[in-house]
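Read top to bottom, the protein sequences are chains Z and V. The opening residue of the first sequence carries number 1093 in this note's numbering; numbering runs sequentially from there. The opening residue of the second sequence carries number 13 in this note's numbering; numbering runs sequentially from there. Ideal Cβ placement from N, Cα and C applies to all residues, glycine included. Predicted model, so just to flag it, every value in this text is computed and none were measured. Take a look at the structure below.
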Amino acid sequence: MDNGASSYRRYLSGDEDAFREIVQAYFDSLVFFVERYVQDYAAAEDIALDAFTQLVVNKHRYNFKVSLKTYLFMIGRSRALDYIKHRGKLSMIELSEAEQVCATPSMEEVLLKDERKLAVNQALEQLSEQMRIAVHLVYFEELSCEDAARIMKKNTKQVYNLLYRAKNTLRTILEEKVS
Amino acid sequence: MTNLEERLAEINRRSEIIFQKRKRRKHMMLTCIPILLCVGIVSAFIGSENVRPQGEENAWFYGEGSSGGWGDERPEIGTEYIEKLLIEISADDAQQMEDMIRKMIMGSQLESSGSDMTVDSPTDGELRTVYQIRIVRSDHETVSYELWGNLLTDTKNEKSYTITRQQRLALLEALECCTAN
């Protein structure tokens, strides 16, 4: 599994369907990942669209040294941080709109059909942002620690440390929940 | 936006916008660079035409081949700006002006050397005018003097004389009358 690199190679050699495959495979997970940063589904979707647009307009910027998924997530993270810097993380929402949003199944709920993953996901919200992102990349996206480190612009050791601390914190949270 | 086709269409739309922008930028570069180059060359050419070399300027001021005035040994004047003014007097006014200057020189004190010259020091940035007075006698012989502050210099023998402020004002007034005539 080369996480999209071969599809992108096919796209570069003129196969338009390959791009469709890439979008189909990675769009939702990219939106889900970006939403962890921006806490806004619409903004996350917009950022994901931008990331895919970069694949089309800057065709030769991707060097195939990392998987395409990692590359997409790197673009997504960078755009998400820009978004947070320029618009602020918090946005006001009307109470009636909030109720409506709560009533519809969220992106996480759609993607996390597994009940156990959903419970962990809810506990994740209580972790710091860095821990949350590390857990998301390694356990939800099933990326390697090396790829997660590349995306987070950290070294592998730092990612291991974040995961270790996150696991301890999550264990405490989930034990409290069960008891 | 849950439909894959919608997502692909949006990505294509955004890509198209970026491609259009790039195309426009490239077109603008191709159009503007030759124009800018032409403007640059023309302005550089005009600039070189307007800048007169220092040597040429001095020749204009002191007269071709003349050794009059302070020449290259003119004392440093610091940050002041000098306006050079050439006044040529001939016909009826010539004799009168020469007499006036001679009278001033006779009554003034001869300065010993260039380094001892005491010129009213102007304030920084003040425009100081150096008057070169060229008198053409009736027999076509020419004598010339320079007036710089309160120093009057006979350019023939390169001797400088200190004149009083009143004398300077009187001399300038007379020069003004001559040029008005």
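- CB contact below 8 angstroms: Z:Leu1254 versus chain V: Output row for Z:Leu1254: interface = no.
- Task: With hydrogens ignored, establish whether the beta-carbon of V:Leu183 is closer than 7 angstroms to any heavy atom of the ligand HEM.
- Result: The model on display carries no ligand, and the ligand HEM is accordingly not part of it.
- Query: Under a Cβ-count criterion, where at least 16 other Cβ atoms within 10 Å of its own Cβ denotes burial, should Z:Lys1161 be classed as buried or exposed?
  - Reply: Buried, by the Cβ-count rule.
- Task: Please confirm if V:Arg37 has its CB atom under 8 angstroms from at least one CB of chain Z.
- Result: By the rule that beta-carbons nearer than 8 angstroms mark a contact, V:Arg37 does not touch chain Z.
- Message: By the three-class DSSP mapping on this structure, what secondary structure does V:Thr176 have?
- Response: Residue state, collapsed to three classes: coil.
- Put Z:Val1123 into one of helix, strand or coil per three-state DSSP. When DSSP states are grouped into helix, strand and coil, Z:Val1123 belongs to the helix group.
- Query: Among residues of its own chain, excluding the 5 on either side of Z:Met1166, which ones have a beta-carbon nearer than 7 angstroms to its beta-carbon?
  - Reply: Result list for Z:Met1166: Arg1242, Ile1243, in chain order.
- Between V:Leu181 and V:Ile117, is the Cβ-Cβ spacing less than 8 angstroms? It is not a contact, given that the beta carbons lie outside the stated cut-off.
- Query: By the criterion of Cβ-Cβ separation under 7 angstroms, what are the contact partners of V:Glu22 in chain Z?
  - Reply: Taking a Cβ-Cβ threshold of 7 angstroms, the residues of chain Z close to V:Glu22 are Leu1141, in chain order.
- Item | Alpha-carbon to alpha-carbon, V:Arg146 and V:Glu188 | Cα to Cα, V:Glu188 sits roughly 14 angstroms from V:Arg146.
- Query: Does the region 1112–1122 of chain Z come close enough to the region 1140–1147 of chain Z that 3 or more CB-CB pairs lie under 8 angstroms?
  - Reply: Contact holds: three or more Cβ-Cβ distances are below 8 angstroms.
- Item | Best match in V:Thr191, V:Gly59, V:Ile99, V:Met112 for proximity to V:Glu158 [C-alpha to C-alpha] | Ranked by Cα distance from V:Glu158, the options V:Thr191, V:Gly59, V:Ile99, V:Met112 are led by V:Ile99.
- Task: Compute the beta-carbon to beta-carbon distance between Z:Ala1258 and Z:Val1227, rounded to the nearest angstrom, for a pair I have assumed lies under 8 angstroms.
- Result: Correct: roughly 5 angstroms between the Cβ atoms.
- Residue closest to Z:Asp1138, alpha-carbon to alpha-carbon, out of Z:Lys1246, Z:Val1123, Z:Arg1128: Measuring from the Cα of Z:Asp1138, the nearest candidate turns out to be Z:Val1123.
- Message: By alpha-carbon positions, which one of Z:Lys1245, Z:Leu1262, Z:Ile1176, Z:Ala1097 ends up nearest to Z:Gln1214?
- Response: With distances taken between Cα atoms, Z:Gln1214 lies closest to Z:Leu1262.
- Message: Helix, strand or coil, according to DSSP, for V:Tyr143 in the structure here?
- Response: Strand at V:Tyr143.
- Please list the partners that Z:Val1115 has in chain V, where partner means a Cβ-to-Cβ separation under 8 angstroms. Around Z:Val1115, the beta-carbon contacts reaching into chain V at under 8 angstroms are Leu16, Arg19, Leu20, Ile23.
- Item | Secondary structure of Z:Tyr1118, DSSP reduced to three states | In this structure, Z:Tyr1118 counts as helix in the three-state DSSP scheme.
- Ignore the nearest five residues each way along the sequence and tell me which others in Z:Phe1156's own chain have a CB closer than 6 angstroms to its CB. Only Ala1097 meet the Cβ criterion.
- Report the three-state DSSP secondary structure of Z:Lys1246 (helix, strand or coil). Three-state result, Z:Lys1246: coil.
- Query: For the putative contact between V:Glu185 and V:Thr141, defined by C-beta atoms under 8 angstroms, what is the C-beta separation to the nearest angstrom?
  - Reply: Going by Cβ atoms, the distance from V:Glu185 to V:Thr141 rounds to 14 angstroms, so no, they are not a contact pair.
- Per-residue contacts from Z:Phe1165 into chain V (C-beta, under 8 angstroms): The contacting residues do not exist; Z:Phe1165 stays about 17 angstroms from chain V at best.
- Straight-line CA distance for V:Lys33 to V:Glu61? Distance between V:Lys33 and V:Glu61, taken at the CA atoms: about 41 angstroms.
- Within the same chain, show all residues whose beta-carbon is closer than 7 angstroms to that of Z:Tyr1118, passing over the 5 residues directly before and after it, in chain order. Non-local C-beta neighbours of Z:Tyr1118 in its own chain, meaning closer than 7 angstroms and more than five positions away in sequence, comprise Gly1096, Lys1161, Leu1164, ordered along the chain.
- Query: If you measure beta-carbon to beta-carbon, which residues of the region 1146–1159 of chain Z are closer than 7 angstroms to chain V?
  - Reply: Residues Val1148, Val1149.
- With a threshold of 16 other CB atoms inside 10 Å of the CB of V:Leu183, please say whether the residue is buried or exposed. Buried, because 16 or more other Cβ atoms sit within 10 Å of the Cβ of V:Leu183.
- Looking at Z:Gln1218 and Z:Ile1176, is the spacing between their C-beta atoms short of 8 angstroms? With respect to Z:Gln1218, Z:Ile1176 sits apart: the two C-beta atoms are not nearer than 8 angstroms.
- Identify whether Z:Tyr1256 lies in helix, strand or coil by the three-state DSSP scheme. Of the three classes helix, strand and coil, the one that applies to Z:Tyr1256 here is helix, per DSSP.
- Those residues which DSSP pairs with V:Glu95 across a bridge: In the DSSP output, where bridge partners are listed per residue, V:Glu95 has V:Thr141.
- Use the C-beta contact count for Z:Gly1099: other C-beta atoms within 10 angstroms, 16 or more gives buried, fewer gives exposed. One detail in the question is off: residue 1099 of chain Z reads as Ser in this sequence, not Gly. Counting Cβ neighbours within 10 Å, Z:Ser1099 comes out buried, since at least 16 surround it.
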